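Asks: Take this structure first; my questions come after.
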Amino acid sequence: MYGRKACQLVTELASGEKGQLTHFNSDLFEQVISECQQHHLELQSLIRKVQEEGLDLQTTKNEDHFGALIHHLALVRNKRCLMAYVHNRAETIRSLIWKLLGSMIPPEIQEKLSNSEEEYFKKHSARLKEYMSKLELDLTVDMVPPKDPYIQVRVLDDIGEGIVLSDDKTANFALHSIHFLKRTDAEQYISRGLMEELRG
Amino acid sequence: MASNLGGASISQTDDFETFTPTTDVEPLKRAWRNEKAAPEILPYEASLVGRIKEQIQAMEDSIEEYSRSGIDPLIVSLYQMDLDRIQFLLRSYIRSRLQKIEKYMLYILKSDELFRRLSKEEITFTDRCRHDMKKHFDESVLSKLPNNYQDVLKQSITSEEDDMVPEPPLDTFVVCKSKEYLEHIQLEDEEERASSRIEEPFEMEANVLHIIRYRPIKSLVESGRIDLL
Amino acid sequence: MTSYYDIDDILAEEELVSVVFQKAVNGVGIDPSSETDSVESGSKVELPFWLAQELHLRQVAVMALPSCFNQRTRLEIQADAAFVDLRSRCQFFYEFGCKIAPLVGDRTIGSWLLSTFKSRYKEVLTKAHSAVFAASSKYLALLSKEETKMYEAAQSSMTAFKKWRMGGPRFQRASFLSRKRKSTE
Amino acid sequence: MAGQSDPQLNLFSAEEVEFVAEDEMLEIVPNMRMDSLHLICGDYGPFYPQIATEVPLWLAIALKKRGKCAIRTPEWMSVEKLTQILEAERDSQGSFQILPFHYVEISKLLFDHARDDVPDMYLVRSLIEDIRDVRFHKVETSLESIDTRTSAVKIKDLSAMEVNIVRPFVVRALQAIYKHGNPELVPDQDRITNMQTQGHEHGQRRPLRRR
Chain A
1 MYGRKACQLV TELASGEKGQ LTHFNSDLFE QVISECQQHH LELQSLIRKV QEEGLDLQTT
61 KNEDHFGALI HHLALVRNKR CLMAYVHNRA ETIRSLIWKL LGSMIPPEIQ EKLSNSEEEY
121 FKKHSARLKE YMSKLELDLT VDMVPPKDPY IQVRVLDDIG EGIVLSDDKT ANFALHSIHF
181 LKRTDAEQYI SRGLMEELRG
Chain B
1 MASNLGGASI SQTDDFETFT PTTDVEPLKR AWRNEKAAPE ILPYEASLVG RIKEQIQAME
61 DSIEEYSRSG IDPLIVSLYQ MDLDRIQFLL RSYIRSRLQK IEKYMLYILK SDELFRRLSK
121 EEITFTDRCR HDMKKHFDES VLSKLPNNYQ DVLKQSITSE EDDMVPEPPL DTFVVCKSKE
181 YLEHIQLEDE EERASSRIEE PFEMEANVLH IIRYRPIKSL VESGRIDLL
Chain C
1 MTSYYDIDDI LAEEELVSVV FQKAVNGVGI DPSSETDSVE SGSKVELPFW LAQELHLRQV
61 AVMALPSCFN QRTRLEIQAD AAFVDLRSRC QFFYEFGCKI APLVGDRTIG SWLLSTFKSR
121 YKEVLTKAHS AVFAASSKYL ALLSKEETKM YEAAQSSMTA FKKWRMGGPR FQRASFLSRK
181 RKSTE
Chain D
1 MAGQSDPQLN LFSAEEVEFV AEDEMLEIVP NMRMDSLHLI CGDYGPFYPQ IATEVPLWLA
61 IALKKRGKCA IRTPEWMSVE KLTQILEAER DSQGSFQILP FHYVEISKLL FDHARDDVPD
121 MYLVRSLIED IRDVRFHKVE TSLESIDTRT SAVKIKDLSA MEVNIVRPFV VRALQAIYKH
181 GNPELVPDQD RITNMQTQGH EHGQRRPLRR R
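Protein chains in written order, with UniProt numbering: chain A, 1 to 200; chain B, 1 to 229; chain C, 1 to 185; chain D, 1 to 211.
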């Protein structure tokens, strides 16, 4: 009680690695929720005691009044920790959405979300897509400034002649020959070690 | 945007305005940098974005036509690079605005000044995002709390103000420079001036980098006298 | 309140402080030394700052100056500010100091926080920039939470610069779905 | 966690600073004939063999990579000029020497893509590295001068990349100094007394500072 469990929730959130999500800790979350109910019950019973003694609620400042005050403060503290937990996770979810727009929620993310978070994930992705289609602007590309689509490459292994490229031109990739290719064309050969990118 | 400059007066500098081609790229780059560097959302550059989108459309059409009419593909790639650069600027500009809306949507909806800065589409986006977020908060937390504590703006019914709404950090420091010489910039806000904690009025030489707290220069950034970097 | 959802602000307010109750209180189990669920006036209790602050403001209890801000600690810190272990004394040294100062009416805390910070932050920067390898964890363990975040800010921007300068492939990021940890862009 | 208090303070990535630098103008010497380019960012050319002309850096690099031109390295990128600048940087403790705002990015792009156009390339590169190191230490020492609580600091002649690197740290330092030096932490006596006498309604959360 008195905020200790609630603070564990926030500490767990803070210990997560920046930008990554941890599993939604529903047990601890529900425990803090039920603590709020408890604080509220105790607050109401103390208030009733003051009323039963026929005292004026507004002006009485006795032990029961201060007891009610402390339960109120604990409840507000718990609320802050619960909201901070959900709010900060929602921020991480939104940053993940930017990286994932256009594809479904990956399972390794989905299993970490509460049902409400999963719903929020889908809803918010939809909102962004709506916005983009209204503006006819794809915001999911160009996260990094664009560079020359062409790169200079050297052939490391005899790939042979008459290779058809994306702009359906053909090229002869003799060993050690140097070419100026579209990155998208060259990438497959580079990843297979048949070509290397020349730096400058 | 009629704005009093909070007492800052501009003295004419004689060095002649450096020639920059009258394209929309420079203004877009300025809008992009200001938006990314400012702690709060800035006015939407509606006409600039409109013009840029037209130019992008026109360039896309001509590139298609060039590549069909057998123009040297490497020249076509130069036009494509120019197009890619402008599209990056536009996308990054719009993205950084949306991310600010996501972060401070409750505050923006409460502040007329900021709300008026949104585009039509951004307003719809903000409303829908608030609806989704509130539903998410209600389902996860608020509906499960005792009444008197279920509000998303106030911690409890006894809270005097909306004490749950994150505000943009206007006291953060930003890197900036001014195109002209600016004097009498008041650095303290009213609260501090009221209790006579005055820093002497600040002058800014033209084109010299400064790091300044955003709040005092907020109106100068919005009126275009100071650029953020 | 600009920092309602701010995690450090929340954690900083969990720090325990000792208070002396001016009023008796009923129906609360916060005084371990009392058998009943009430607190007598005059009893001394350790409370988290978020509660102590509100009780102090309402004169239900009076908050004592925490040990990390008392005279003795100040002398220790002044003696060797740049390398003194702040974290063990108070993890949120500065943030907590800012919250305490106006309450306990100690006029010197504000300026003392400032001088402590100023004598330490240059060391943090030089360590962050010059450290070809990460600064010794011994040094990092001395830093308060705020100083650690400044160290990390300086270091990550330096590493990003070196990565950019080295050039290297700008190939499309491996798609987000791949197992390997995705470095933030 | 993502929701940490202060926002992501490295606002611009190094790639974005380089992107801005690629609009700086530069002289090239084409080796072919080509009509003018009517780009969105402006008109360039027409290009005639061996006739120098000015284009943005990104276009110069693109033409260089296509073997269509040579690049005239800017005059500040000479061994002689850079040695002068290095000496001056070392002597004048306070101010920084005048170098183009994007000198770090421009030199890197030329080293990467136009090596053969840069005379004494390795010496030029190491001079630039040394200049940057010296300037870095100056930034660190100039931080020392920020002692009073201030809302504004002038940083004369620091280059784009240098600003971008130190920004996350310096902004946090200035914020901390501004916050900790905040006189409200040092309440004047009357404010204390009125806090003592003020009674409070049950549950009323009295805001600590007038914000």
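The C-beta atom is built at its ideal place from N, Cα and C for all residues, glycine as well.
Keep in mind the model is a prediction, meaning the values are calculated, not measured.
1) Using a Cβ-Cβ distance cut-off of 7 Å, determine whether D82 (chain B) contacts chain A.
2) List, in order along the chain, the chain A residues whose C-beta lies closer than 7 Å to that of R66 (chain D)?
3) Three or more beta-carbon pairs under 8 Å between the stretch 145-156 of chain A and the stretch 134-141 of chain B, yes or no?
4) Please identify the residue among B:E160, B:E167 and B:H210 whose C-alpha is closest to the C-alpha of K110 (chain B).
5) Taking only the alpha-carbon atoms, compute the straight-line gap between H124 (chain A) and K99 (chain A) and give it to the nearest angstrom.
6) So, for D188 (chain D): in the same chain, excluding its five sequence neighbours on each side, which residues have a beta-carbon less than 8 Å away from its beta-carbon?
7) In whole angstroms, what separates the C-alpha of Q19 (chain D) from that of E119 (chain A)?
8) Check each residue of the stretch 156-188 of chain B: if its Cβ is closer than 7 Å to any Cβ of chain C, include it; give the result in chain order.
9) Mapping the DSSP letters down to three states, classify L143 (chain C) as helix, strand or coil.
10) Mapping DSSP to helix, strand and coil, what is K110 (chain B)?
11) With K63 (chain B) and Y79 (chain B) assumed to form a contact (beta carbons below 8 Å), what rounded beta-carbon distance in angstroms separates them?
12) Excluding the 5 residues preceding and the 5 following A70 (chain D) in the sequence, name in chain order all residues of the same chain whose CB lies nearer than 6 Å to its CB.
13) Under 8 Å, CB to CB, which of the residues in the stretch 34-58 of chain D have a partner in chain B?
14) Would you say the stretch 134-142 of chain D touches the stretch 77-89 of chain C, given that touching needs at least three Cβ pairs under 8 Å?
15) Mind listing the chain D neighbours of K158 (chain A)? Cutoff is C-beta to C-beta under 8 Å, in chain order.
16) Any C-beta of chain D within less than 7 Å: which residues of the stretch 203-220 of chain B qualify?
17) What is the rounded straight-line gap between the Cα of D190 (chain D) and the Cα of A74 (chain A)?
18) So who's on the other strand from R213 (chain B), going by DSSP bridges?
19) Consider the Cβ of Y121 (chain C): report whether some Cβ of chain A lies at a distance smaller than 7 Å.
20) In this structure, what does DSSP give as the bridge partners for K182 (chain A)?
21) Residues of chain A with CB closer than 9 Å to the CB of A62 (chain D), please, in chain order.
22) Mind checking whether V32 (chain A) and N88 (chain A) have CB atoms under 7 Å apart?
23) Determine the extent of the alpha helix (DSSP H) in which C129 (chain B) is found, giving its start and end residues.
24) Can you tell me whether H102 (chain D) is buried or exposed? The criterion is at least 16 other CB atoms within 10 Å of its CB, across all chains shown.
25) Tell me the start and end of each unbroken alpha helix (DSSP H) in the UniProt domain "GINS subunit" (69-165) of chain C that is at least 4 residues and wholly inside, in chain order.
26) Would you say the beta carbon of I63 (chain B) comes nearer than 6 Å to a heavy atom of the ligand HEM?
27) At the level of alpha carbons, what is the spacing between N31 (chain D) and R72 (chain D)?
28) For M133 (chain B), count neighbouring Cβ atoms within 10 angstroms of its own Cβ and tell me buried if that reaches 16, exposed if not.
29) Starting from E203 (chain B), trace the beta strand (DSSP E) in both directions and tell me its first and last residue.
30) Between V10 (chain A) and chain D, is any beta-carbon pair separated by less than 7 Å?
31) Should the stretch 29-36 of chain B be called in touch with the stretch 42-56 of chain D, which here means at least 3 C-beta pairs below 8 Å?
32) Exposed or buried, which one is L57 (chain A) when buried takes at least 16 other CB atoms within 10 Å?
33) Counting pairs of Cβ atoms below 8 Å between the stretch 24-39 of chain A and the stretch 49-63 of chain A, do you hit three or more?
34) Given a threshold of 16 other Cβ atoms within 10 Å of its Cβ, counted over all protein chains shown, does E54 (chain C) qualify as buried or as exposed?
35) Go to V45 (chain C), then tell me how far its alpha helix (DSSP H) extends in each direction, as first and last residue.
36) Run down chain D in chain order and give the residues with a C-beta less than 7 Å from the C-beta of F25 (chain B).
Replies: Straight from the coordinates:
1) On the second sequence, residue 82 (chain B) is found 82 positions in, with the first residue counted as 1. Residue contact with chain A for D82 (chain B): absent (no Cβ-Cβ distance below 7 Å to any residue of chain A).
2) Numbered from its first residue, the fourth sequence carries residue 66 (chain D) at position 66. Here the neighbours are F180.
3) The stretch 145-156 of chain A is not in contact with the stretch 134-141 of chain B.
4) The residue given as residue 110 (chain B) occupies position 110 in the second sequence. Looking at the Cα atoms, B:E167 is the closest of the given residues.
5) Within the first sequence, the letter at position 124 stands for residue 124 (chain A). Within the first sequence, the letter at position 99 stands for residue 99 (chain A). When rounded, the distance between both Cα atoms is 13 Å.
6) Taking the fourth sequence and counting its residues from 1, one reaches residue 188 (chain D) at position 188. Confidence at D188 (chain D) is low in this model, with a pLDDT of 45, below 50, so its placement is unreliable and the value that follows should be read with caution. Hits under 8 Å: none found.
7) Residue mapping note: residue 19 (chain D) aligns to position 19 of the fourth sequence, counting from 1. Residue mapping note: residue 119 (chain A) aligns to position 119 of the first sequence, counting from 1. This sequence places Phe at residue 19 (chain D); Gln is not what is there. For F19 (chain D) and E119 (chain A), the distance between alpha carbons rounds to 38 Å.
8) Identification of residues in the stretch 156-188 of chain B having a C-beta nearer than 7 Å to some C-beta of chain C yields D163, M164, P166, E167 and P169, given in sequence order.
9) The sequence position of residue 143 (chain C) within the third sequence is 143, counting from 1. DSSP places L143 (chain C) in the coil class of the three-state scheme, outside both helix and strand.
10) One-based indexing of the second sequence puts residue 110 (chain B) at position 110. Helix, per DSSP.
11) In the second sequence, residue 63 (chain B) corresponds to position 63, counting from 1. In the second sequence, residue 79 (chain B) corresponds to position 79, counting from 1. With the sequence shown as reference, residue 63 (chain B) is identified as Ile, and Lys is not the correct amino acid for it. About 5 Å; that satisfies the 8 Å criterion.
12) Locating residue 70 (chain D) in the fourth sequence gives position 70, where the first residue counts as 1. If the five residues before and after A70 (chain D) are omitted, its C-beta is found closer than 6 Å to the C-beta atoms of V29 and D117, all from its own chain and listed in chain order.
13) Within the stretch 34-58 of chain D, the residues whose Cβ lies closer than 8 Å to some Cβ of chain B are M34, L37, L39, I40, C41, G42, D43 and W58, listed in chain order.
14) By the C-beta criterion, the stretch 134-142 of chain D is judged not to be in contact with the stretch 77-89 of chain C, since fewer than 3 inter-stretch pairs fall below 8 Å.
15) One-based indexing of the first sequence puts residue 158 (chain A) at position 158. Correcting the residue identity first, residue 158 (chain A) is Asp in this sequence and not Lys. Near D158 (chain A) there are no residues of chain D at all, since even the closest Cβ is about 24 Å away, more than 8 Å.
16) Going along the stretch 203-220 of chain B in chain order, one finds V208, L209, H210, I211, I212, R213 and P216 with a Cβ nearer than 7 Å to chain D.
17) Position 190 of the fourth sequence holds residue 190 (chain D). Position 74 of the first sequence holds residue 74 (chain A). Residue confidence is low: D190 (chain D) scores 37 on pLDDT, short of 50, so the model does not pin down where it sits. No coordinate-derived value is stated.
18) As a working mapping, residue 213 (chain B) is identified with position 213 in the second sequence. Note: R213 (chain B) sits in a beta bridge opposite B:F173.
19) Counting from 1 along the third sequence, the entry for residue 121 (chain C) is found at position 121. The C-beta of Y121 (chain C) comes no closer than 7 Å to any C-beta of chain A.
20) Counting from one through the first sequence, the residue named residue 182 (chain A) turns up at place 182. Bridge partners of K182 (chain A): A:Y150.
21) Looking up residue 62 (chain D) in the fourth sequence gives position 62. Here the neighbours are D148 and Y150.
22) Taking the first residue of the first sequence as 1, we reach residue 32 (chain A) at position 32. Taking the first residue of the first sequence as 1, we reach residue 88 (chain A) at position 88. With a cutoff of 7 Å on beta-carbon distance, V32 (chain A) and N88 (chain A) are scored as not near each other.
23) Reading the second sequence from its first residue, position 129 is the one you call residue 129 (chain B). DSSP places C129 (chain B) in the uninterrupted alpha helix (DSSP H) bounded by K120 to S140.
24) Residue 102 (chain D) sits at position 102 when you count from the first residue of the fourth sequence. With 16 or more other Cβ atoms within 10 Å, it is buried.
25) Counting only runs of 4+ residues, the alpha helix (DSSP H) found wholly inside the UniProt domain "GINS subunit" (69-165) of chain C occupies 71-79, 86-89, 93-104, 108-130 and 137-140, in chain order.
26) Looking at this structure, you won't find the ligand HEM or any other ligand, since it has none at all.
27) The residue given as residue 31 (chain D) occupies position 31 in the fourth sequence. The residue given as residue 72 (chain D) occupies position 72 in the fourth sequence. N31 (chain D) and R72 (chain D) have their C-alpha atoms spaced approximately 13 Å apart.
28) Counted from its first residue, the second sequence places residue 133 (chain B) at position 133. Classification of M133 (chain B): buried, given that the 10 Å Cβ count is 16 or more.
29) For the purposes of this step, residue 203 (chain B) is identified with residue 203 of the second sequence, where counting begins at 1. Looking at the DSSP string, the run of the beta strand (DSSP E) that includes E203 (chain B) is F202 to M204.
30) The residue given as residue 10 (chain A) occupies position 10 in the first sequence. It does not: the Cβ of V10 (chain A) has no partner Cβ on chain D nearer than 7 Å.
31) No: fewer than three Cβ pairs fall under 8 Å.
32) Counting from one through the first sequence, the residue named residue 57 (chain A) turns up at place 57. Burial call: exposed.
33) Under the three-pair Cβ rule at 8 Å, the stretch 24-39 of chain A does not count as touching the stretch 49-63 of chain A.
34) As a first step, residue 54 (chain C) must be located in the third sequence, where it is residue number 54. So E54 (chain C) ends up on the buried side.
35) Taking the third sequence and counting its residues from 1, the one referred to as residue 45 (chain C) is at position 45. Careful: V45 (chain C) lies outside any alpha helix (DSSP H), inside the beta strand (DSSP E) at K44 to P48.
36) For this step, residue 25 (chain B) is matched to residue 25 along the second sequence. The sequence shown places Val at residue 25 (chain B), not Phe. In chain order, I40 and C41 make up the part of chain D whose C-beta sits under 7 Å from the C-beta of V25 (chain B).
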